[in-house]
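Heads up: the sequence shown begins at 1 in my numbering, then just goes up one per residue. For glycine and all other residues, C-beta sits at the position ideal for the given N, C-alpha and C. Down below is the structure, laid out as C-alpha cells.
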Amino acid sequence: MKSKPSLEQALCIVALLGIQDRKIPLHSRLVAERLEISTSYLKKIVQKLAVAKIVKTVSGRDGGIVLMKDPLKITLLDVFNAIEGTDPFVQGTGVVSKVFGLNQKVAFMETYQLEDFKDTRPVANVLAVFAQAEEEFRQQLATLSIGDVLPTTGDQPLQLDWTKWLTR
Numbered sequence: 001m002k003s004k005p006s007l008e009q010a011l012c013i014v015a016l017l018g019i020q021d022r023k024i025p026l027h028s029r030l031v032a033e034r035l036e037i038s039t040s041y042l043k044k045i046v047q048k049l050a051v052a053k054i055v056k057t058v059s060g061r062d063g064g065i066v067l068m069k070d071p072l073k074i075t076l077l078d079v080f081n082a083i084e085g086t087d088p089f090v091q092g093t094g095v096v097s098k099v100f101g102l103n104q105k106v107a108f109m110e111t112y113q114l115e116d117f118k119d120t121r122p123v124a125n126v127l128a129v130f131a132q133a134e135e136e137f138r139q140q141l142a143t144l145s146i147g148d149v150l151p152t153t154g155d156q157p158l159q160l161d162w163t164k165w166l167t168r
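In C-alpha cells, the structure reads:
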C-alpha cells in the first residue's frame, strides 16, 4: 500500500491545529506556507478533513481553519480515512476462483485421479491474509489520537497561536 503525500500533510495540518488556540482560526495562507504547498492544494486537503468533520473553515478577515473537536478525540485512523478512504486495500476480483477452479474441487480430483487432495490453505485464503493485515493496521491507527502525539508543557497540552511564530 502506498499512501498519498496528502496524508502526511493532513497529519501536520491537524497537529498544527491541535496546538492552535481553538478560539483563533489559523489562516490558510500561513499553513500552506509552512507546509510549502499551494493554497489551492491545501484547500483540497482541508476539504477532505472538513467532510470527515475533523476541521472547519471560518470565513472573514480573521478566518482560517480550526479543529472541530478535541485532539484527543481525533484518531490517526480518522485522518487516514479522511484522506485515503475506507475501501479495502486489496479487493478480490474472482480471478483466483477462475484460475484455480476452486468451486470445482471434485471434478479436479476426478480428472487427475487424486484421492488425497489437501487444500487446507487454498490460494483464495491469501486475500484473507491481506484483509487481516489491513484490519490490524486500521486497529493500530485507532489506538493513537492526535492529542497523544502533541507536545505538552508540564502536564498540560501545548496551546498557542501559531500566527505569531509563522509570521515572524
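Task: Three or more C-beta pairs below 8 Å linking the stretch 125–134 and the stretch 57–69 - done: no
Task: Which of helix, strand or coil DSSP assigns to Leu16 - done: helix
- [ ] Please check the pair Leu67 and Leu141, which I expect to be a contact at CB under 8 Å, by giving their CB distance rounded to whole angstroms.
- [x] The Cβ separation is near 18 Å, so there is no contact.
TODO: Could you please give the first and the last residue of the uninterrupted beta strand (DSSP E) stretch that includes Lys56?
DONE: Val55 to Val58
Task: Three-state secondary structure (DSSP) of Val126 - done: helix
Task: Neighbourhood of Leu150 by C-beta, 8 Å cutoff - its chain only, sequence neighbours within 5 removed - done: Ala15, Gly18, Ile19, Pro71, Pro157 and Leu158
TODO: Could you tell me if Phe89 is buried or exposed, where buried requires 16 or more neighbouring beta carbons within 10 angstroms of its beta carbon?
DONE: exposed
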